[in-house]
Amino acid sequence: MSPEIQLNPSQREVADRVITALAGPQARLRPDQETAVATLATPGSRALVVQATGWGKSAVYWAATAVLRAAGGGPTLIVSPLLSLMRDQVAAATRGGLRAATLNSSNIDEWSTIEADLAAGDLDVLLVSPERLANPGFGRRVLDALAGRLGLVVIDEAHAISDWGHDFRPDYRRVADVLQQLNPQTSVLATTATANARVTDDVATQLGAGNTLVLRGPLARKSLHLNVIDGLSPIERYGWVADQLPALPGSGIVYVLTVADADRLVTAVKALHGDDYPVAAYTGQLSADERHRLEDDLLANRVKSLVATSALGMGFDKPDLGFVVHVGAPPSPVSYYQQVGRAGRALDEAVVVLLASAMDEAVWEYFATATIPDPARMERLLAAMEEAGGPVSVPQLEARTGMRRTRVELMCKQLAVDGAVDRTADGWVLTGRGWTYDAEHYAGVLAVRRREADIMRSYIGGRDCLMKLLTQALDDPLAADCGRCSVCRGELTPGLAAAVPGPALGAISAALRRQAQLLEPRKMWPGGAFGSRGRIPAGQLAEPGRVLAFADAPQWGDTLAAARTGDDAARDELTQAAVAVLADWGRAGIRPDLICALDLGTGIATDLAARLRAVGRREGTDFPVTPGPGPGRDANGAAEAVHWRDRLGPAPAFGGASVLLVIDETTSTWPITLAAAALAEAGAGAVLPLLIHQSV
Numbered sequence: 001m002s003p004e005i006q007l008n009p010s011q012r013e014v015a016d017r018v019i020t021a022l023a024g025p026q027a028r029l030r031p032d033q034e035t036a037v038a039t040l041a042t043p044g045s046r047a048l049v050v051q052a053t054g055w056g057k058s059a060v061y062w063a064a065t066a067v068l069r070a071a072g073g074g075p076t077l078i079v080s081p082l083l084s085l086m087r088d089q090v091a092a093a094t095r096g097g098l099r100a101a102t103l104n105s106s107n108i109d110e111w112s113t114i115e116a117d118l119a120a121g122d123l124d125v126l127l128v129s130p131e132r133l134a135n136p137g138f139g140r141r142v143l144d145a146l147a148g149r150l151g152l153v154v155i156d157e158a159h160a161i162s163d164w165g166h167d168f169r170p171d172y173r174r175v176a177d178v179l180q181q182l183n184p185q186t187s188v189l190a191t192t193a194t195a196n197a198r199v200t201d202d203v204a205t206q207l208g209a210g211n212t213l214v215l216r217g218p219l220a221r222k223s224l225h226l227n228v229i230d231g232l233s234p235i236e237r238y239g240w241v242a243d244q245l246p247a248l249p250g251s252g253i254v255y256v257l258t259v260a261d262a263d264r265l266v267t268a269v270k271a272l273h274g275d276d277y278p279v280a281a282y283t284g285q286l287s288a289d290e291r292h293r294l295e296d297d298l299l300a301n302r303v304k305s306l307v308a309t310s311a312l313g314m315g316f317d318k319p320d321l322g323f324v325v326h327v328g329a330p331p332s333p334v335s336y337y338q339q340v341g342r343a344g345r346a347l348d349e350a351v352v353v354l355l356a357s358a359m360d361e362a363v364w365e366y367f368a369t370a371t372i373p374d375p376a377r378m379e380r381l382l383a384a385m386e387e388a389g390g391p392v393s394v395p396q397l398e399a400r401t402g403m404r405r406t407r408v409e410l411m412c413k414q415l416a417v418d419g420a421v422d423r424t425a426d427g428w429v430l431t432g433r434g435w436t437y438d439a440e441h442y443a444g445v446l447a448v449r450r451r452e453a454d455i456m457r458s459y460i461g462g463r464d465c466l467m468k469l470l471t472q473a474l475d476d477p478l479a480a481d482c483g484r485c486s487v488c489r490g491e492l493t494p495g496l497a498a499a500v501p502g503p504a505l506g507a508i509s510a511a512l513r514r515q516a517q518l519l520e521p522r523k524m525w526p527g528g529a530f531g532s533r534g535r536i537p538a539g540q541l542a543e544p545g546r547v548l549a550f551a552d553a554p555q556w557g558d559t560l561a562a563a564r565t566g567d568d569a570a571r572d573e574l575t576q577a578a579v580a581v582l583a584d585w586g587r588a589g590i591r592p593d594l595i596c597a598l599d600l601g602t603g604i605a606t607d608l609a610a611r612l613r614a615v616g617r618r619e620g621t622d623f624p625v626t627p628g629p630g631p632g633r634d635a636n637g638a639a640e641a642v643h644w645r646d647r648l649g650p651a652p653a654f655g656g657a658s659v660l661l662v663i664d665e666t667t668s669t670w671p672i673t674l675a676a677a678a679l680a681e682a683g684a685g686a687v688l689p690l691l692i693h694q695s696v
């Protein structure tokens, strides 16, 4: 290390004080960490640190903050992606003797106090999310107040800046806008554990300086024992986790792809081991307080495992995490490496298992294309903005374009990244710079994502050492055989089983089939092209209903597929489940007088309604539906409601009777809402929806 990038004695004393407070009296910055800190202590410097999880990237920005503040520099702004990560970072900064705070959606009541402390110079560190950076009000109040005063900007999980990366977030590109407005003397640090050479080059370019220091280190993790088990059916994967969980070392994380999977897998585990077994679902739908409680439970080993979506990922720091299991493969080896990197940071050995499935490939393709702009849709959105003639909100754009609100919001952010639109306090506006679809760029991005999918196929197929495949995907020049994975060993880690006992599968399937999901009725008309808006009158609302199979429901997958083809045994299974659900409703005092089928195209609702009439000795008739294609996945609520309003025929008249409405399959539930209102207007009493399959 050359003298010009070493800390001087007084700087080293400050840095050592922070590091010993964080890691113990003997802890010191390693030479590569000191190189980064010394670089950042130079005004206007840029550094990109690409190092394995557990290397100590956060130690660099805490030490650099302390050094800069001791020299009279301004506070540090850290852009961080997850609330759980921010909470851990505030705690770490405090242990290091720094005054830190965060502004995020979970602490709105504290904002005014924090902003006052920031203005008074009483804060050393402010942590914000990229979404907060993109908020015009935040920019006006906070960033303008910090203009010219920032000592350091830290971009954590910086791979999310690059659309070449596995976790691109358009809001992260707002960081580049902040960098352009910085005092030239402000230093900038970007950190990540998951960037290949292309992403590294892109991030370094975006940092805005030609002399960015890039520190890359070896990425292989010697403590991890990687394993792949392929060929299990969806229900067998649930069975494997439930059966093997007690044998896995310590406590850990089981990653799933959807919220529904998290809830169902917890049910599966408890079906085998009892309701008191210490396992819980962790998803982004939980409140911040509940997520914090679950994180603390895992940190303290009060739970064997959290069954989590990717909401529990970047930044979660449990050094003794004993295992990570994936039920379904992520679309990128880079994102997979990041998640398994949670395990074994302070352990000699940790177990990692991927339970792969052929169905994962459909998920990969969705994620590969989800953030690629569609030129026709973009032009439709831009035309709607031009027609508005001024600031326009996302709900207004949804109504004008007929596209779903979530898609409209993503497209606005993508257009903002390209400079075609801007977000103001009053809404989105055109900048006048125009927008052109960069076909060559996006073709390249898509090609990269599909190459990553090919690497995951190689990983699942065991075509080479598993650790080598992951580190090669990150362009690690030191990638080599690990000698510990299931490919190198030629067998699974001792103690792991490849098969699932039949009785376990039976118990899990039965438990999952007993848990019909609640179907909450829609309470508001969509407005827009539909016309009617506001609350649906109480007399036209459906009652809370039930869903037999939600999303890909592994306990129902084969049965549903067979039922659609007319298989009698499969339809018997659906009938038995429906009868059990009706018995549960009956115990709650709810008993339908008549049974009506609303068949939207598969035929299974008509058949199930007829079978239930026979079992329950009830009468009824079917709701007429004009055959035809669906409204399309991009249709917003108003457009979908219009579609189904036009498809539904006159409602049968049931003269005050309560009606069980049996529906085959829908995503949005708008046909159920409209049919229930029509039945009520035709004189029916309570309408009880029984949805066979709610697709997503």
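Mapping the sequence shown onto the UniProt record's numbering, position 209 (from 1) lands on 209, and the numbers just tick up by one. Even for Gly, the Cβ is constructed at its ideal location relative to N, Cα and C.
Collapsing the DSSP output to three states places PRO503 in a helix.
LEU189: member of the beta strand (DSSP E) spanning 187-192, first to last residue. No Cβ-Cβ contact shorter than 9 angstroms links ARG513 with GLN540. For LEU152, there is no enclosing alpha helix (DSSP H); the residue is found in the beta strand (DSSP E) stretching over 152-156. Beta-bridge partners of THR102 (DSSP): LEU127. Every unbroken stretch of the beta strand (DSSP E) spanning 3 or more residues and falling wholly within the region 213-293 is given here in chain order: 213-216, 224-229, 252-256 and 279-282. The beta strand (DSSP E) runs lying completely inside the region 317-371 and spanning 3 residues or more are 323-327 and 350-355, given in chain order. Taking a cut-off of 8 angstroms on C-beta distances, the region 490-507 does not touch the region 609-621, as fewer than three cross pairs fall below it.
Looking from the CA of TYR238, the closest CA among VAL49, PRO501 and GLU520 belongs to PRO501. Taking 3 residues as the minimum length, the beta strand (DSSP E) runs contained wholly in the region 46-126 are 46-50, 76-79 and 100-103, in order along the chain. Bounds of the beta strand (DSSP E) holding GLN694 are 687-694. In this structure, the straight-line span from the alpha carbon of LEU519 to that of GLU640 is close to 19 angstroms. Around the C-beta of ILE108, fewer than 16 other C-beta atoms lie within 10 Å, and the residue is accordingly described as exposed. The closest CA to that of SER458, considering only ASP276, LEU103, TYR61 and LEU469, is found on LEU469. Secondary structure of VAL615 (DSSP, three-state): helix.
Taking all protein chains in view, the Cβ of GLY73 is crowded by 16 or more other Cβ atoms within 10 Å, so the residue is classified as buried. Bounds of the alpha helix (DSSP H) holding THR559 are 557-564. A direct Cα-to-Cα measurement between LEU219 and LEU688 gives close to 56 angstroms.
The three-state reading of DSSP puts PRO631 in coil, since its state is none of H, G, I, E or B. Under the three-state reduction of DSSP, GLU665 is assigned to strand.
For PRO526, the uninterrupted beta strand (DSSP E) segment begins and ends at 524-526.
Distance from the Cα of ARG489 is smallest, within the candidate group ALA510, GLN472, GLY462 and PRO477, for GLY462. Sequence-distant Cβ neighbours of SER658 in its own chain, meaning closer than 6 angstroms and more than five residues away, are PRO592, ASP593, GLY685 and ALA686. Residue state for THR602 is assigned as coil, using DSSP reduced to three classes. Taken atom to atom, the span from the alpha-carbon of VAL18 to that of ASP481 is near 37 angstroms. Taking ARG611 as the centre and dropping the five residues before and after it, the same chain places the C-beta of THR575 closer than 6 angstroms to its C-beta, in chain order. Three or more beta-carbon pairs drawn from the region 146-160 and the region 191-209 are found closer than 8 angstroms, and the two stretches are therefore classed as touching.
Nearest to GLY419 by alpha-carbon distance, out of LEU397, ARG407 and LEU382, is LEU382. One thing to note: ARG264 has its Cβ within 9 angstroms of the Cβ of GLN515. Under the three-state reduction of DSSP output, GLN515 falls in the coil class, being neither helix nor strand. The Cβ atoms of SER58 and VAL188 lie no closer than 9 angstroms to each other. Beyond the five residues adjoining it in sequence on each side, ASP374 comes within less than 8 angstroms, by CB distance, of no other residue in the same chain.
With a cutoff of 9 angstroms on beta-carbon distance, ALA563 and ILE604 are scored as near each other.
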